[in-house]
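Peer 1: Okay, here's the structure, questions in a sec.
Numbering (the numbering used here), first residue to last: 67 to 432.
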């Protein structure tokens, strides 16, 4: 008998958590699991998911979302509610008394302090005991969940994020063609960034690092892929620092694998990061990575072996790491080879099996 799962997520925009949901849903064996995805609010560019997708028109922390989750559980005879991101957590925890399904919370990173998640963390402390299990995508995230909930008995399973290894295959894409498509000359040293343009992802630090690099020695190019609330401020910062033509905001790209092929290195300067899916994608595309020393990034990237972990998170440290890699092609090649092999372990079979086994335990009552 199939296990019927309702994945509840804030929205299905092009971001880390929506891609995780897509990967999980599309990799689940259809004979074992029947998945439905509920997005609490629409997104102008929704990520396509090969499953039944229901999009609500909920406002922020809407009571209507609570009622809708309970109604969907009854209508689709849901066995497991699998919630992703803050609003989905809060709505599902508040709806929990209204449905009989088991509740799984999947932590993707907002649990870390330093952002705007104080309301979220308060709800998790107050109502987290209503969940039946928690998934965290790194050991760092699991520890933060335990500390926030104050419940050492809550079962927390670490399930790393994963990627489509067939899609992220560097041999499928031509580096020269990738650069041409972005308007980048072959003589430029291209530093890439992929992520949401918000304070947490640290794109501003990368712009400041670009201003510290000596321009007379190398034709630098910083290409930032993504969009978000900091875009206008970043554009002003680029102008103020005289970086027009050096730092480019490329907007959203539906296939990051093709874009990554154009980069010489990728920087992940996040102030908060539970896992680092952009780093993993870059590693699999044989692009050397420079990552911040926060959250789950040092778990994913082994400093000096599969990439560079910054000693501290600031613009000067980023600039120094970029200069080091730019001046040492042999080091770049060695890190890229090692990273490619390491990233091959994140193909998803083990992760999906972990989740299915959790569903089976919860529905069988063991």
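Here a beta-carbon is modelled for each residue, glycine too, at the ideal position from N, C-alpha and C.
Mark residue 89 as exposed unless 16 or more other C-beta atoms lie within 10 angstroms of its C-beta, in which case mark it buried.
Peer 2: It is buried - the Cβ of residue 89 has at least 16 other Cβ atoms within 10 Å.
Peer 1: In the structure shown, what three-state DSSP assignment does residue 384 receive?
Peer 2: Here residue 384 sits in helix by DSSP.
Peer 1: Helix, strand or coil for residue 325, going by three-state DSSP, please let me know.
Peer 2: If DSSP states are grouped into helix, strand and coil, residue 325 belongs with the helices.
Peer 1: With a CB to CB cut of under 8 Å and the five nearest residues on each side skipped, what residues in its chain are close to residue 144?
Peer 2: 70, 71, 72, 102, 138, 165, 167, listed in sequence order.
Peer 1: With a threshold of 16 other CB atoms inside 10 Å of the CB of residue 204, please say whether the residue is buried or exposed.
Peer 2: Residue 204 is buried by the Cβ-count criterion.
Peer 1: With a threshold of 6 Å on Cβ separation, who are the neighbours of residue 227 within its own chain once the five nearest residues in sequence on each side are excluded?
Peer 2: 86, 203, 341, 343.
Peer 1: Between residue 398 and residue 368, what straight-line distance do the alpha-carbon atoms span, to the nearest angstrom?
Peer 2: Taking the straight line from one Cα to the other gives about 14 Å.
Peer 1: Is the region 275-283 touching the region 382-393 in the sense that three or more CB pairs, one from each, lie closer than 8 Å?
Peer 2: The region 382-393, when compared against the region 275-283, does touch it at the 8 Å Cβ threshold.
Peer 1: Can you say whether residue 95 is buried or exposed, counting buried as having 16 or more other CB atoms within 10 angstroms of its CB?
Peer 2: Label assigned to residue 95: exposed.
Peer 1: I need the boundaries of the beta strand (DSSP E) containing residue 360, first residue and last residue.
Peer 2: Careful: residue 360 lies outside any beta strand (DSSP E) and carries neither H nor E.
Peer 1: Using CA coordinates, which residue listed in 396, 394, 404 is at the minimum distance from residue 366?
Peer 2: Comparing Cα-Cα distances from residue 366 to each of 396, 394, 404, the minimum goes to 404.
Peer 1: Does DSSP classify residue 256 as helix, strand or coil?
Peer 2: Note: residue 256 maps to strand in three-state DSSP.
Peer 1: Is residue 141 helix, strand or coil by DSSP?
Peer 2: Here residue 141 sits in helix by DSSP.
Peer 1: Can you look up residue 346 in the DSSP assignment and give me helix, strand or coil?
Peer 2: Correct three-state label for residue 346: helix.
Peer 1: Which of the three DSSP states is assigned to residue 408 in this structure?
Peer 2: Of the three classes helix, strand and coil, the one that applies to residue 408 here is helix, per DSSP.
Peer 1: Start and end of the alpha helix (DSSP H) containing residue 82?
Peer 2: Residues 82-93.
Peer 1: What separation, rounded to the nearest whole angstrom, lies between the Cα atoms of residue 362 and residue 208?
Peer 2: Rounded to whole angstroms, residue 362 to residue 208 spans 10 Å at the Cα level.
Peer 1: By Cβ distance below 8 Å, which residues in the same chain neighbour residue 217 in space, the five residues on each side in sequence not counted?
Peer 2: Cβ neighbours of residue 217 beyond the five flanking positions: 194, 195.
Peer 1: Ordered along the chain, which non-local residues of its own chain (more than five positions away) have a Cβ less than 6 Å from that of residue 78?
Peer 2: The answer, listed in chain order, is 84, 105, 109, 112, 113.
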